[in-house]
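Take a look at the structure below.
Number of protein chains: 2
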Amino acid sequence: MVALRAQIRDEPMAADHKIDVSRRSLMAGAALAAMASAAPMAAQTAPKPTPKQMPGIHKHKVGSIDLLSITDGTVSFPRLDNFVSNVPADEVARTLEASFLPTDAITLTFTPVVLNTSGRLVVIDTGVGEAAFIQSNGVGGQFRNNLAAAGYSVADVDQVLITHFHADHIGGLVTADNKPAFPNAQIYVPAAEYAYWMDSSNMPKTPSEAMVANFKRARRIFGVLGSTVKKFDGGVELAPGVTSMSTHGHTPGHSSFIVTSGADKVIIQGDVTTHPALFIRHPNWHGATDMDPVQAEQTRRRLYDQAVAEKTVIYGFHFPFPALGHLAREDDGYRLVSVMWNSAP
Amino acid sequence: MVALRAQIRDEPMAADHKIDVSRRSLMAGAALAAMASAAPMAAQTAPKPTPKQMPGIHKHKVGSIDLLSITDGTVSFPRLDNFVSNVPADEVARTLEASFLPTDAITLTFTPVVLNTSGRLVVIDTGVGEAAFIQSNGVGGQFRNNLAAAGYSVADVDQVLITHFHADHIGGLVTADNKPAFPNAQIYVPAAEYAYWMDSSNMPKTPSEAMVANFKRARRIFGVLGSTVKKFDGGVELAPGVTSMSTHGHTPGHSSFIVTSGADKVIIQGDVTTHPALFIRHPNWHGATDMDPVQAEQTRRRLYDQAVAEKTVIYGFHFPFPALGHLAREDDGYRLVSVMWNSAP
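Following this line, the structure appears as structure tokens:
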């Protein structure tokens, strides 16, 4: 490595004089000796460590509303054979490969939304939170810190809107010590979602341990939040320019939000699709976490057909950061075309 | 807005009780009066302004080398009729539309690379710089500040490698007051590029004012940097794991860099393609800034065919942030599939 550095730093390379690597290696010692005092570089400084990954924070304008995408991190699922319920694992692997994604695990990214609308700060979905509801290997649960990096504290948040009651969406509603994580915020949840998970008669019908855990988690979190939580149906304006829309299927009360300001519009779709490379490309594939997969597919196609026709921007909790894209038709499915990164201040 | 806020904050919305917006409007005044004291929200605080757009900084691992994408901003070109030299403006507009991009202007993003390789800090291309070589309307020229946001100062940079001598790539080599912008860095430029722009016999052959400006700018910048600048040819390892590759066509000496560590590899392609939505999709389109457009197309196809075959990650100075993607074949051209955002610390 010393010899290599010597070549790089000290060897003259004339414009009209091509030097191949082997010859350069032979010359390196001599060049080092000859040019040590004439080297134009600064004295060798201690290696600087690379910074940690920066918080993923991106601002997108929706008319007069600012939409911030703020990453919560990712969680990886090691098994390909139980992520899609109606397709074999090798077909899942082929689709991941076609998107240049690893096939040894399926990684889902989590990106809560923060809206600044008429001076109100509105968070949509919360990430996995501090309570380790999902094994994230330290990569998930960044939202609270990343919100701070964007200049806001949890105390600044006026409203939290929830799409559905899976752990990566509601986990951040409470702290590790079971207190409300957004102390000054009014929490809004889909009425049908709340009714389903709070009805104890639904629990025995559930097929898996994971579902039982979902019930217990929801009860724990909404036990902490108590009766202050407000429930909404579809078609209600919950904050200036932010209207709920029923998109049931992924869960019984799964909801989305339409954000409009002037001529601009973004649909916050929650989990109408979870992993975009799988279910946008193949809307007929059924996610193992889609509780009513047939209804989920109908909802997906209805929303996406409309988005294609109207060229609507869709925000997906699990879409590649900054989680914003347009949809184009491709074969029997769709293709996600990410929105260009906005560098304007 | 007061009435709307009252609805949002204070109206009870029962799970079993769908309330439509018109009824809610009528109820708002009464609800406000009835619930003012019982509202579970914090006292109304002053609206918090949305933060400025965060610096675009993203870390990608190439084996043991850290590759940081750091945005310099964007520049928009208002005319569609002189951006592509062999295709009419309406065809350019249709292709932009198919990528859901505006058609009133063409926006190019600028993303210099910072490599941390064996403790050395290597910058590849510099952005437009402070000297207003390009009219960026205040959006370009962010690299120096964004580098600081990543935890580095310009004095930490050990080497700067240049792909070619267009303003958005070399503009940041000098400060506004004509000093070297990276005071401790050894600057490396393609030998053929340096030879072309420094040969005054080439200037009278140039067809446009823009080209004359390019010559004058290059001479001004390399006049400041003087004889310390080193020139390289293709196939030379300039920093640990960073090897030059001749990719002439866009300019006479245009060069790329292959970054390898272990089994990992990224090709830093400079301007083999400028706007990805245009020239990756249509590699036979000729950019107006491609100085030898036939050679540029050959270079593009050769590099991209190899990238498709080997599934190589390509880094493009003008690709959507974080400027990293794979290429897939599509019709007679290619499609860029962006690399998933990496949230791991």
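From first to last, the protein sequence lines are chains L and R.
Note that our numbering has the first sequence beginning at 1, numbered continuously upward.
Note that our numbering has the second sequence beginning at 1, numbered continuously upward.
For each residue, glycine too, the CB sits at the ideal point set by N, CA and C.
First and last residue of the uninterrupted beta strand (DSSP E) at residue i
i: Asn-116 (chain L); result: 113–117
i: His-326 (chain R); result: 324–330
i: Val-123 (chain R); result: 120–124
i: Phe-77 (chain R); result: 73–77
i: Ile-258 (chain R); result: 255–261
i: Leu-96 (chain L); result: Per DSSP, Leu-96 (chain L) belongs to no beta strand (DSSP E); it is in the alpha helix (DSSP H), 89–98.
i: Leu-161 (chain L); result: 159–161
i: Phe-143 (chain L); result: Here Phe-143 (chain L) belongs to no beta strand (DSSP E); instead the alpha helix (DSSP H) covers 143–149.
i: Ser-244 (chain R); result: 242–246
i: Leu-108 (chain R); result: 106–110
Whole-angstrom C-beta distance between residue j and residue i, which should lie under 8 Å
i: Leu-115 (chain L); j: Val-242 (chain L); result: 6 Å
i: Gly-287 (chain L); j: Val-84 (chain L); result: 7 Å
i: Ile-124 (chain L); j: Leu-161 (chain L); result: 5 Å
i: Pro-252 (chain L); j: Tyr-194 (chain L); result: No, Pro-252 (chain L) and Tyr-194 (chain L) are not in contact; Cβ-Cβ is about 10 Å, not under 8 Å.
i: Val-154 (chain L); j: Pro-183 (chain L); result: 7 Å
i: Glu-209 (chain R); j: Thr-175 (chain R); result: About 25 Å separates the two Cβ atoms, so there is no contact after all.
i: Asp-156 (chain L); j: Leu-121 (chain L); result: 5 Å
i: Thr-109 (chain R); j: Met-340 (chain L); result: 7 Å
Residue i classed as buried or exposed, judged by whether at least 16 other C-beta atoms fall within 10 angstroms
i: Asp-158 (chain L); result: buried
i: Arg-94 (chain L); result: exposed
i: Gly-73 (chain L); result: buried
i: Ala-263 (chain R); result: exposed
i: Arg-281 (chain L); result: buried
i: Pro-283 (chain R); result: buried
i: Gly-226 (chain R); result: exposed
i: Gly-223 (chain R); result: exposed
i: Ala-192 (chain R); result: buried
i: Val-212 (chain L); result: exposed
i: Val-75 (chain L); result: buried
i: Ala-181 (chain L); result: buried
i: Val-294 (chain L); result: exposed
i: Lys-231 (chain L); result: buried
i: Arg-329 (chain R); result: exposed
i: Gln-53 (chain R); result: buried
i: Ser-343 (chain R); result: buried
Beta-carbon proximity list for residue i, same chain, < 6 Å, skipping 5 on both sides
i: Ser-25 (chain L); result: Residue confidence for Ser-25 (chain L) is low, a pLDDT of 34 falling below 50, so the modelled location carries little weight and cannot support an answer.
i: Ser-69 (chain L); result: His-58, Thr-111, Pro-322 and Ala-323
i: Asp-290 (chain L); result: His-250 and Ala-296
i: Thr-117 (chain R); result: Ile-65, Ala-239, Pro-240 and Gly-241
i: Asp-332 (chain L); result: none
i: Thr-274 (chain L); result: Gly-287 and His-318
i: Ser-22 (chain R); result: Low confidence applies to Ser-22 (chain R): its pLDDT is 34, below 50, so where it sits in the model is not reliable, and the reading given next is rough at best. Excluding residues within five positions, none has a Cβ falling inside 6 Å.
i: Met-203 (chain R); result: Phe-215
i: Thr-107 (chain R); result: Thr-74 and Ser-76
i: Asp-292 (chain L); result: Gly-249
i: Val-92 (chain R); result: Leu-80 and Val-84
Sequence-distant residues of its chain with Cβ nearer than 8 Å to residue i (five each side left out)
i: Gly-234 (chain L); result: Ser-244, Met-245, Ser-246 and Ser-255
i: Gln-142 (chain R); result: Pro-55, Thr-71, Asp-72, Gly-73 and Gly-127
i: Ala-150 (chain L); result: Pro-55, Ile-57, Leu-68, Ile-70 and Val-114
i: Val-308 (chain L); result: Leu-327, Ala-328, Arg-329 and Tyr-334
Limits of the alpha helix (DSSP H) - the one that residue i falls within
i: Asp-305 (chain R); result: 293–310
i: His-169 (chain L); result: 167–170
i: Gly-223 (chain L); result: 209–225
i: Pro-190 (chain L); result: Element bounds for Pro-190 (chain L): not the alpha helix (DSSP H) but the beta strand (DSSP E), 186–190.
i: Phe-279 (chain L); result: 276–279
i: Phe-321 (chain R); result: Looking at the DSSP string, Phe-321 (chain R) is not in any alpha helix (DSSP H), and its letter there is neither H nor E.
i: Leu-67 (chain L); result: Segment 65–70 is the beta strand (DSSP E) holding Leu-67 (chain L); no alpha helix (DSSP H) there.
Own chain partners of residue i with C-beta closer than 7 Å, once the 5 adjacent residues on each side are dropped
i: Leu-336 (chain R); result: Pro-276, Ile-280, Phe-319, Gly-325 and Leu-327
i: Asp-81 (chain R); result: Ala-89
i: Glu-237 (chain R); result: Thr-243
i: Lys-311 (chain L); result: His-326
i: Ile-258 (chain R); result: Thr-243, Met-245, Lys-265 and Ile-267
i: Val-229 (chain L); result: Ile-187, Val-189 and Phe-222
i: Ala-347 (chain R); result: No answer is possible for residue 347 (chain R): it lies beyond the span of chain R, which begins at 1 and ends at 345.
i: Thr-299 (chain R); result: Thr-247, His-248, Gly-249 and Val-272
i: Val-87 (chain R); result: Trp-285
Near the ligand ADP: residue i beta-carbon under 6 Å from a heavy atom
i: Gly-325 (chain R); result: Among the components of this structure there are no ligands whatsoever, and the ligand ADP is therefore not found.
Handout entry: Cβ contact (3+ pairs, closer than 8 Å) linking the stretch 82–97 of chain L and the stretch 275–294 of chain L
Key = yes
Practice task
Evaluate the contact criterion for the stretch 162–182 of chain R versus the stretch 215–226 of chain R: three or more CB pairs, one atom per stretch, below 8 Å.
Solution key: Output reads yes: the stretch 215–226 of chain R touches the stretch 162–182 of chain R.
Exercise for the section: Decide if the stretch 137–149 of chain R is in contact with the stretch 71–90 of chain R; the criterion is three or more beta carbon pairs, one per stretch, under 8 Å apart. Expected result: Short answer: they touch.
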